[in-house]
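So in UniProt numbering, spot 163 of the sequence shown is number 163, and the numbers just go up one at a time.
Since the structure comes first, as structure tokens, the remarks are kept for the end.
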Amino acid sequence: MNADLDLLVSLDSHDTPQSVAERARHAEALGFSRVTMGETTGWNIVPVLTLVADRTNDIGISNDVVSPYGRSPAMLAQTALTLQEVSAGRYRIGLGPSSPAITERWHGQAFDRPLRRTRETIEIIRAVYENGTPAYEGEIFDIAGLKYERDLLENPPPIDVATLGPKATEMAGRFGDGWAPQLFTADGLETRLEDLGRGGDLAGKDRSELRVSPIVRGIAAEDRERARRLARSTLAFMLGAYGPYYGDSVAEQGYQSAVSAIRDAWAERDTEAMAAALPDELLDELAPAGTPDEVREWVESYAAIDGVDAVRVGSVRGATDEDVERTMEALGELV
1 MNADLDLLVS
11 LDSHDTPQSV
21 AERARHAEAL
31 GFSRVTMGET
41 TGWNIVPVLT
51 LVADRTNDIG
61 ISNDVVSPYG
71 RSPAMLAQTA
81 LTLQEVSAGR
91 YRIGLGPSSP
101 AITERWHGQA
111 FDRPLRRTRE
121 TIEIIRAVYE
131 NGTPAYEGEI
141 FDIAGLKYER
151 DLLENPPPID
161 VATLGPKATE
171 MAGRFGDGWA
181 PQLFTADGLE
191 TRLEDLGRGG
201 DLAGKDRSEL
211 RVSPIVRGIA
221 AEDRERARRL
231 ARSTLAFMLG
241 AYGPYYGDSV
251 AEQGYQSAVS
261 AIRDAWAERD
271 TEAMAAALPD
281 ELLDELAPAG
291 TPDEVREWVE
301 SYAAIDGVDA
311 VRVGSVRGAT
321 DEDVERTMEA
331 LGELV
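Following this line, the structure appears as structure tokens:
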């Protein structure tokens with residue numbers, strides 16, 4: 001395959017952090033390059049990542065993504081540096097502007113100027129990496145600064161940024177070390193890669209300095225129709241119920257009518273109608289779902305997009321442990 005293969009672990013499908021570590025060990029044995037997981041309103045991601053780092057040897061470790069509203073920039077820098085030491089240099093921190101729901105209804109913060117906050121958070125993390133202090137004067141943060149109590153690392157963890165829109169993705173290219181987008185068709189991804197490149201140019205970066213690792217949700221099963229049904233339901237739920245940004249992004253990629261129909265169904269909390277409103281064409285564009293051969297072919301094709309360095313494959317809602325293991329093993333044949 002022309003790119004790395006990363007595994008996105010859904011924490012809500014695990015009963016214990018220890019089982020997450022076991023899945024990471026299996027991914028390592030299959031040859032996956034990196035394991036990553038998200039944080040919303042469930043487990044604190046840091047102890048889980050620490051456990052994964054302790055119980056694996058070679059696989060890279062990431063998170064998708066932590067909110068700049070949920071932890072201070074200095075705490076994010078401390079966390080990143082600690083996880084880099086725990087993992088012996090295998091960690092990449094993932095940041096993203098988050099969403100109004102998580103910011104306001106979980107963290108109790110106002111969802112104000114998310115892109116500016118993300119940018120300043122990245123700059124403060126780098127200040128700790130490079131100078132050992134979060135001292136900073138910005139539009140959102142004004143920090144006098146104290147000294148980091150430990151020695152600075154020669155290889156601080158890279159910063160991946162999860163964004164969708166053109167300006168946000170330009171910011172990712174300018175200030176981040178990688179980009180982790182989600183719900184992009186091949187054409188949509190190619191268009192947005194131009195924005196990422198423009199940001200990299202503003203920072204004087206070579207393209208090779210930015211790791212592009214789009215996230216896709218998939219399932220490989222001998223029962224092709226069941227796999228597609230679960231994937232269709234997952235995508236529709238993300239487009240209709242996860243707030244405006246995913247839906248807006250996919251609408252701008254040429255699927256305005258489908259997104260509108262999905263949102264109308266969500267207003268009635270009709271999840272069956274949401275799934276029915278998602279056309280086969282969009283399902284085929286966004287998700288590797290079907291037989292193991294079909295899933296491998298889809299991921300290989302997506303990995304071949306110029307500018308993609310890795311494909312992060314996650315599971316779908318309703319997938320069993322057996323589904324996840326079968327999908328991992330099917331994709332492991334690509335490594």
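For every residue, glycine included, the Cβ atom is placed at its ideal position computed from N, Cα and C.
Please read all numbers here as calculations on a predicted model, not as lab measurements.
Assignment of Asp-142 by DSSP, reduced to helix, strand and coil, places it in the strand class. Taking C-beta separations shorter than 6 Å and ignoring five residues to either side along the sequence, Asp-187 has no partners in its chain. For Gly-204, DSSP records no beta bridge to any residue. Along the segment 178–223, the alpha helix (DSSP H) occurs as fully enclosed runs of 4 or more residues at 186–202, listed in sequence order. Shown here for Pro-100: same chain residues with a beta carbon closer than 7 Å to its own, the five before and five after excluded, namely Phe-111, Gly-243 in chain order.
Distance from the CA atom of Thr-234 to the CA atom of Asp-206, rounded to whole angstroms, is 36 Å. Annotation: the continuous beta strand (DSSP E) that includes Ser-62 extends over 60–63.
In the three-state scheme derived from DSSP, where H, G and I count as helix and E and B as strand, Ile-124 is classed as helix.
If you draw a straight line from the Cα of Thr-82 to the Cα of Asp-160, it comes to about 17 Å. For Glu-333, the three-state secondary structure derived from DSSP is coil. Spatial neighbours of Ala-3 in its own chain (CB-CB distance under 7 Å, excluding positions within 5 residues in sequence) are listed in chain order as Ala-303, Val-308, Asp-309, Ala-310, Val-311. The criterion of a C-beta distance shorter than 7 Å is not satisfied by Asp-6 and Thr-41.
For Asn-44, the number of other beta carbons within 10 angstroms of its own is below 16, and it is reported as exposed. Contact check between the segment 138–150 and the segment 159–177: fewer than three CB pairs, one atom from each, fall below 8 Å, which does not count as touching. Remark: C-beta atoms of Gly-31 and Val-335 approach each other more closely than 7 Å.
Close CB contacts of Glu-85 within its chain, under the 8 Å cut and outside five residues either way in sequence, are with Leu-153 (chain order). Here the C-alpha atom of Arg-113 lies approximately 26 Å from the C-alpha atom of Glu-130. The DSSP-derived three-state label of Asp-6 is strand.
Ranked by Cα distance from Asp-270, the first of Trp-298, Ala-236, Glu-209 is Ala-236. Counting only runs of at least 4 residues, the segment 221–270 fully encloses the following alpha helix (DSSP H) elements, listed from N- to C-terminal order: 224–241, 244–250, 256–267.
Gly-96 and Gly-290 have their C-alpha atoms some 30 Å from each other. In terms of Cβ geometry, Leu-283 and Arg-317 do not form a close pair [threshold 7 Å]. C-alpha of Gln-182 to C-alpha of Leu-8: approximately 12 Å in a straight line. By the criterion of at least three beta-carbon pairs nearer than 8 Å, the segment 184–201 is in contact with the segment 246–253.
A straight-line Cα-Cα distance of about 19 Å links Pro-156 and Ser-33. Taking C-beta atoms as the reference points, Ala-319 and Ala-220 fail to come closer than 7 Å.
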